[in-house]
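Written below as C-alpha cells is the structure these notes are about.
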Amino acid sequence: SKIRVGLLFGGRSGEHEVSIRSAQAIATALRSDQNASKYELLPVYIGKDGVWQKGEIAQQVLASGEPLYLTDEKTTSTDLVPSPSLLPEATNFEEIDVWFPILHGPNGEDGTIQGLLTLMQVPFVGSGVLGSAIGMDKIAMKMIFSQAGLSQVKYKTVKRSQIWSNPCIFPKLCDELEAELGYPCFVKPANLGSSVGISKVRSRAELVTALDNAASYDRRIIIEAGVEARELECAVLGNDQPQASVVGEITYQSDFYDYETKYTEGKAAWFIPAQVSDNIANKIKEMAVQAFLALDAAGLARVDFFYVEKTGEVLINEINTLPGFTATSMYPQLWASSGISFSELVNQLIQLALERQPEVS
Ligand code: ATP
Ligand code: MG
Ligand code: MG
Ligand code: MG
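The sequence shown lines up with residues 132 to 492 when you count with this note's numbering.
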C-alpha cells in the first residue's frame with residue numbers, strides 16, 4: 132500500500148504565504164508520475180490562527196494558494212507576533228505514515244513542530260529538535276559554527292532587557308558595539324528569517340532605532356560586523372553522509388538582501404552555478420557539509436555564505452533547515468542543476484525521513 136505523506140504547511144509565521152507556495156510545489160511532485168504510485172498526499176494546513184485543518188479545507192488552500200482565516204483573528208503576515216500554534220490532537224492524524232513539514236520561520240523551522248512530531252512518534256522530513264532549534268537561533272548557530280572551526284563575521288549579542296529597561300547602560304552598550312564592530316553593521320533578531328527585523332546601520336542614530344526594532348521581534352539580538360561580499364548558497368541533502376549541491380549566487384540592486392528584495396519578482400537575480408573558481412566552490416561545499424553535521428541537521432538544509440572577493444575569504448552566514456521550497460526556490464534549483472529533479476528530491480527527502488527512525492532493533 133502507499134506511504135501516506137502528511138504535508139504540513141501554513142503556520143503562525145511571517146512566511147505563511149511562502150509555505151503555501153512550497154506546499155503546492157511539493158504536492159505537485161507527490162502527484163507526479165514518478166511518485167503517485169508510491170505516495171498518497173494528505174495535506175494538513177495550519178492557519179494563521181494556529182488551527183490545524185486537514186481534509187477539504189487543507190485541499191482548498193492548496194488548490195487556491197490563498198491563506199484561510201477560520202477564526203476572527205485577522206493579522207497581516209509581517210506584523211504577526213510569533214506565538215504557539217494551537218495543539219492538535221495526535222489521534223486525529225493516525226493515518227499519516229510520515230510528515231513533511233514545510234513551515235518556514237518561527238513555530239515551524241525552529242524545533243517546536245519537530246518536538247510535537249517527535250512526541251507523535253511519526254517520522255518526519257528534515258532536522259529534528261536540536262538541529263532545527265540551533266539553525267533558527269543565530270546566536271546558538273554561531274557558537275556551534277565557531278566550535279566547528281567555520282569562519283564567520285565578528286558579532287556581539289545583547290538582550291532586549293539591556294535595550295529597553297536600562298537607560299543608563301544603553302549608551303555604553305552602543306559605545307561598545309561601535310568600537311568592536313564599526314559601521315556598517317547588521318542588527319538582527321536572533322530567531323527569525325526572510326530578513327524580517329534586520330537592519331543595516333551606519334550611524335549611532337540608526338543603531339539605536341535598529342536595536343529597538345529588533346527587540347520588538349525577539350528577546351535576543353545579534354549585531355554583526357558588515358562585510359562587503361558576494362552572496363553564495365549551497366544546498367545539502369542527506370542524513371549522516373550528506374551531499375552538497377553546486378553553488379549558487381544571488382545578486383540584487385538594493386542595499387542588502389532584505390524582505391522586499393527576496394519576495395518581489397525581478398528584484399534579485401540568481402546564477403547557478405555561481406561563477407567562482409573550483410577552489411572556492413569546493414571550499415563552500417565542504418563548509419556547507421561541516422555546518423550541516425555540526426548541527427546534527429537532517430534531510431535538507433540551505434547554507435548561505437559571504438565570499439569576500441578582495442581577500443578570498445569565505446565566511447559562513449547561516450544555515451536554513453527548512454529553506455524555501457517553491458518551484459523557483461534556490462534549494463530545489465540548486466539540486467536540479469546538480470542532476471536531481473524536483474520530484475526525485477521530494478522522493479529522496481521522504482526516504483531519508485523513513486531511514487532516520489531513532490529506534491534500534
Ligand atoms: P533567510 O531568509 O535566508 O533565512 P535571514 O532572515 O536569516 O535570511 P540573514 O541571512 O542573516 O537573514 O541576513 C539577510 C541578508 O542581510 C543577507 O542575505 C545579506 O544580504 C545581509 N547581511 C546579513 N548579515 C550581513 C553581514 N554581516 N554583512 C553583510 N551583509 C549581511
Ligand atoms: Mg535564515
Ligand atoms: Mg529562513
Ligand atoms: Mg539568509
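Even for Gly, the Cβ is constructed at its ideal location relative to N, Cα and C.
Beta-bridge pairing of Gly259 - partner residues as DSSP gives them: Sequence index remark: in the sequence shown, residue 259 carries index 128 (1-based). Looking at the DSSP output, Gly259 sits in no beta bridge, so it has no partner there.
Beta-carbon contacts of Val358 that lie in its chain and below 7 Å, excluding the five residues immediately before and after: Your numbering for residue 358 matches position 227 in the sequence shown. Counting only residues of its own chain and dropping the five nearest sequence neighbours on each side, Val358 has a CB closer than 7 Å to the CB of Val284, Phe437, Val439 and Leu446.
Does the region 310-328 come within contact of the region 343-355, defined as at least 3 CB pairs closer than 8 Å? Taking 8 Å as the limit for Cβ pairs, the verdict is that the region 343-355 does touch the region 310-328.
Can you list, in chain order, the residues of its chain with a C-beta nearer than 6 Å to that of Pro254? Leave out the 5 residues immediately preceding and following it. Residue mapping note: residue 254 aligns to position 123 of the sequence shown, counting from 1. Excluding sequence neighbours, Pro254 sits near Val229, Ala484, Leu485 and Gln488.
Return the CA-CA distance between Ile450 and Lys179, expressed in angstroms with no decimal places. Working through the sequence shown from its first residue, we reach residue 450 at position 319. Working through the sequence shown from its first residue, we reach residue 179 at position 48. The straight-line gap from Cα to Cα measures roughly 25 Å.
Could you give the distance in angstroms between the alpha-carbon of Pro219 and the alpha-carbon of Val420? Counting from 1 along the sequence shown, the entry for residue 219 is found at position 88. Counting from 1 along the sequence shown, the entry for residue 420 is found at position 289. If I take the Cα positions, the gap works out to 35 Å.
Beta carbon of Glu449: closer than 8 Å to some heavy atom of ligand 2? Here residue 449 is taken as the residue at index 318 of the sequence shown, counted from 1. Relative to the non-hydrogen atoms of ligand 2, the Cβ of Glu449 comes within a distance shorter than 8 Å of at least one.
For Asp409, verify whether its CB is less than 8 Å away from any heavy atom of ligand 2. Taking the sequence shown and counting its residues from 1, the one referred to as residue 409 is at position 278. For Asp409, the distance from the CB to the nearest heavy atom of ligand 2 is not below 8 Å.
Do Leu368 and Ile481 come within 9 Å of each other at the CB atom, strictly closer than that value? By 1-based counting over the sequence shown, the position of residue 481 is 350. By 1-based counting over the sequence shown, the position of residue 368 is 237. No. Outside cutoff.
List the whole-angstrom C-beta distance separating Arg135 from Ile227, where the pair is believed to meet the contact cut-off of C-beta under 8 Å. The residue labelled residue 135 in the question sits at position 4 within the sequence shown. The residue labelled residue 227 in the question sits at position 96 within the sequence shown. The distance from the Cβ of Arg135 to that of Ile227 is about 6 Å, consistent with a contact at the 8 Å cut-off.
Assuming contact is defined by CB atoms lying nearer than 9 Å, are Ala356 and Leu424 in contact in what I supplied? Taking the first residue of the sequence shown as 1, we reach residue 356 at position 225. Taking the first residue of the sequence shown as 1, we reach residue 424 at position 293. Not closer than 9 Å, so no.
Assigned exposure category for Thr222 - 16 Cβ within 10 Å defines buried: Within the sequence shown, the letter at position 91 stands for residue 222. Thr222 comes out exposed.
In or out: Tyr176 buried (at least 16 other Cβ within 10 Å) or exposed? Translated into the one-based positions of the sequence shown, residue 176 becomes position 45. Flag for Tyr176 reads buried.
Measure the C-alpha to C-alpha separation of Pro302 and Arg335 and round it to an integer number of angstroms. Here residue 302 corresponds to residue number 171 of the sequence shown, with the count starting at 1. Here residue 335 corresponds to residue number 204 of the sequence shown, with the count starting at 1. So the alpha carbons of these two residues sit roughly 10 Å apart.
Have a look at Gln522 and Pro232 and give me their C-alpha separation to the nearest angstrom. Only positions 132 to 492 of the chain appear in this structure, which leaves residue 522 out of reach.
Whole angstroms are fine: how far does the CA of Ala310 sit from the CA of Gly145? Numbered from 1 along the sequence shown, position 14 holds the residue referred to as residue 145. Numbered from 1 along the sequence shown, position 179 holds the residue referred to as residue 310. Each residue's Cα considered, the two are about 34 Å apart.
Roughly how many angstroms separate the alpha carbons of Lys414 and Leu338, rounded to a whole number? Reading the sequence shown from its first residue, position 283 is the one you call residue 414. Reading the sequence shown from its first residue, position 207 is the one you call residue 338. Roughly 34 Å separates the two Cα atoms.
Does any heavy atom of ligand 2 sit closer than 8 Å to the C-beta of Gly379? Translated into positions along the sequence shown, residue 379 becomes position 248. Set against 8 Å, the gap from the CB of Gly379 to the closest heavy atom of ligand 2 is not smaller.
Using the C-alpha atoms, what's the distance from Ser195 back to Cys365? The residue labelled residue 365 in the question sits at position 234 within the sequence shown. The residue labelled residue 195 in the question sits at position 64 within the sequence shown. Cys365 and Ser195 have their alpha carbons spaced roughly 31 Å apart.
Report yes if the CB atom of Asp427 is closer than 9 Å to the CB atom of Gly259, and no otherwise. If you number the sequence shown from 1, residue 427 lands on position 296. If you number the sequence shown from 1, residue 259 lands on position 128. Their beta carbons are under 9 Å apart, which means Asp427 touches Gly259 by this criterion.
What does Gly379 pair with, by DSSP beta-bridge criteria? Numbered from 1 along the sequence shown, position 248 holds the residue referred to as residue 379. Answer by DSSP bridge pairing, in chain order: Glu364.
Who are Asn451's beta bridge partners in DSSP? Your numbering for residue 451 matches position 320 in the sequence shown. Asn451 pairs with Arg433.
According to DSSP, is Gly458 part of a helix, a strand, or is it coil? Counted from its first residue, the sequence shown places residue 458 at position 327. Before going on, a small fix: residue 458 reads as Ala here, not Gly. DSSP places Ala458 in coil when its eight states are reduced to three.
Just checking my contact of Ser325 with Leu234 at CB under 8 Å: how many whole Å lie between their CB atoms? Here residue 325 is taken as the residue at index 194 of the sequence shown, counted from 1. Here residue 234 is taken as the residue at index 103 of the sequence shown, counted from 1. About 13 Å separates the two Cβ atoms, so there is no contact after all.
Which stretch, first to last residue, makes up the alpha helix (DSSP H) that contains Arg351? Taking the sequence shown and counting its residues from 1, one reaches residue 351 at position 220. Not the alpha helix (DSSP H): Arg351 falls in the beta strand (DSSP E), residues Arg351 to Ala356.
Quick check: what's the CA-CA separation for Lys185 versus Leu248? Along the sequence shown, read from residue 1 onward, the residue named residue 185 stands at position 54. Along the sequence shown, read from residue 1 onward, the residue named residue 248 stands at position 117. The straight-line gap from Cα to Cα measures roughly 16 Å.
Cutting at 7 Å between CB atoms, please list the residues of its own chain near Gly262, excluding the five before and the five after it. Walking along the sequence shown from the start, residue 262 turns up at place 131. Excluding sequence neighbours, Gly262 sits near Leu426, Asp427, Ala428, Ala429 and Thr452.
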